[in-house]
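Asks: Could you have a look at this structure, given as structure tokens, before my questions?
Residue numbers (my numbering), protein chains in the order written: chain A, 1 to 111; chain B, 112 to 401.
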């Protein structure tokens with residue numbers, strides 16, 4: 001039997017995934033998109049809409065900020081930068097996830 | 112279709128806010144680069160475009176986050192829903208008021224023809240004119256619309272009383288003046304018990320009026336203010352702009368009248384043209400450079 005990636009489950013964590021990608025560097029959306037595709041072995045059918053929705057939501061909430069890069073050649077890119085509030089949210093979400101995973105494993109175990 | 116056209120077609124239903132323009136720019140750079148990467152990996156241009164646009168998903172969800180609601184939705188809210196606020200009994204009452212008013216006007220005119228006495232038509236109008244007008248006032252004030260909440264019927268009744276007393280006072284003034292032949296002083300004296308208190312009461316009611324705009328109207332109003340704020344920089348600058356414009360137009364109209372008297376219309380219209388040019392210059396001076 002081949003395992004299948006649950007896209008729904010992943011989609012529920014888009015905000016945290018975006019925050020994780022921004023923890024160590026400012027990135028533009030295509031970069032985040034490509035990294036997600038690469039890391040999931042192109043298994044995850046991530047819609048660009050999901051990613052942008054997440055970015056705009058996080059920006060509105062003050063978790064990330066954005067700025068236009070100053071590329072001298074080629075198209076301009078918009079970069080996203082994580083704020084302290086965003087780092088805080090990332091850490092909280094990670095705690096929540098680890099805790100939830102523990103409980104979920106407990107629940108999914110054969111009884 | 113190039114990416115620019117494609118993106119424009121995606122968001123054609125949305126208001127072109129600054130935020131949306133910015134987002135479209137961002138999305139264009141995303142798509143262009145994505146297509147370029149796909150072409151580089153060996154895909155042909157057409158297929159790459161199809162794949163990249165297919166990967167987007169439902170972008171309207173993002174636009175909803177960014178732009179105001181769709182234009183159509185706002186229009187629908189403003190106009191299409193008015194039917195919802197007009198139950199049958201209200202429609203019947205509106206028509207009844209209209210019919211009574213029409214009857215009152217016809218009866219007044221007729222009695223004016225057949226009698227030399229001014230009080231007869233006035234008396235007819237007093238009954239069949241004032242009652243439907245007050246009816247309209249009451250219905251109008253208690254009418255909920257797409258933009259305004261309805262007034263409570265108790266408060267509307269106070270308005271009706273004030274208006275009724277006021278109109279009655281006006282009739283009294285006219286009747287006293289003509290019928291009693293008492294002359295102007297007596298007619299003016301009738302203003303004291305009716306017109307004056309009802310005006311005072313009406314003013315009190317209007318000044319203590321609540322803001323009855325619906326939340327979405329207030330929101331729109333605030334957004335409009337924010338946009339004008341963005342244009343002018345700060346409120347003081349905006350105030351100065353309106354002061355300058357006001358002064359300009361007062362001067363222009365004064366010049367127009369003066370020139371018309373002195374030289375006729377042939378030349379005076381130039382004052383208005385000059386004012387229009389001045390207005391544009393003032394606007395250019397006060398709005399922020401982009």
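Heads up, the beta-carbon is just placed ideally off N, CA and C, and yes, glycines get one too.
1) Roughly how many angstroms separate the alpha carbons of residue 44 (chain A) and residue 326 (chain B), rounded to a whole number?
2) How far does the alpha helix (DSSP H) with residue 230 (chain B) in it reach, from first residue to last?
3) Using the beta-carbon of each residue, which ones in chain B are nearer than 8 angstroms to residue 57 (chain A)?
4) Can you look up residue 100 (chain A) in the DSSP assignment and give me helix, strand or coil?
5) From residue 384 (chain B) to residue 160 (chain B), what does the alpha carbon distance come to, in whole angstroms?
6) For residue 77 (chain A), which three-state DSSP category applies?
7) So what does residue 114 (chain A) bridge to, in DSSP terms?
8) Per DSSP, which residues does residue 28 (chain A) bridge with? Please list them.
9) Using only the alpha-carbon positions, how far apart do residue 252 (chain B) and residue 284 (chain B) sit?
10) For residue 310 (chain B), which residues from the same chain have a beta carbon less than 7 angstroms from its beta carbon, with the 5 sequence-adjacent residues on both sides left out?
11) Would you say residue 85 (chain A) reaches chain B, if we count a Cβ-Cβ gap shorter than 8 angstroms as a contact?
12) Name, going along the chain, the residues of the stretch 150-174 of chain B whose beta-carbon falls closer than 9 angstroms to a beta-carbon of chain A.
13) Going by other Cβ atoms of all chains shown within 10 Å of its Cβ, with 16 needed for buried, is residue 77 (chain A) buried or exposed?
14) CA-CA distance, residue 273 (chain B) and residue 318 (chain B)?
15) Roughly how many angstroms lie between the CA atoms of residue 401 (chain B) and residue 107 (chain A), to the nearest whole one?
16) Just how far apart, CA to CA, sit residue 339 (chain B) and residue 271 (chain B)?
17) For the stretch 68-84 of chain A, list every residue whose C-beta sits within 7 angstroms of some C-beta in chain B, in sequence order.
18) Consult DSSP for residue 205 (chain B) and reduce its assignment to one of helix, strand or coil.
19) Which residues in chain B sit within 7 angstroms of residue 30 (chain A), going by Cβ to Cβ distance?
20) With DSSP as the reference, label residue 259 (chain B) as helix, strand or coil.
21) Just to confirm the assignment, what range does the alpha helix (DSSP H) spanning residue 348 (chain B) have?
22) When DSSP builds the beta bridges, which residues end up paired with residue 324 (chain B)?
Replies: On the basis of the coordinates in this document:
1) 41 angstroms
2) 230-252
3) 176
4) helix
5) 52 angstroms
6) coil
7) The requested residue 114 (chain A) does not occur in the structure, where chain A is confined to residues 1 to 111.
8) A:79
9) 27 angstroms
10) 277
11) no
12) 163, 166, 167, 168, 169, 170, 171, 172, 173
13) buried
14) 14 angstroms
15) Its pLDDT being 45, under 50, residue 401 (chain B) is placed unreliably in this model, and the value from its coordinates should be taken loosely. So the two alpha carbons sit approximately 58 angstroms from each other.
16) 38 angstroms
17) 75, 76, 77, 78
18) helix
19) 141, 144, 145
20) strand
21) 346-374
22) B:259
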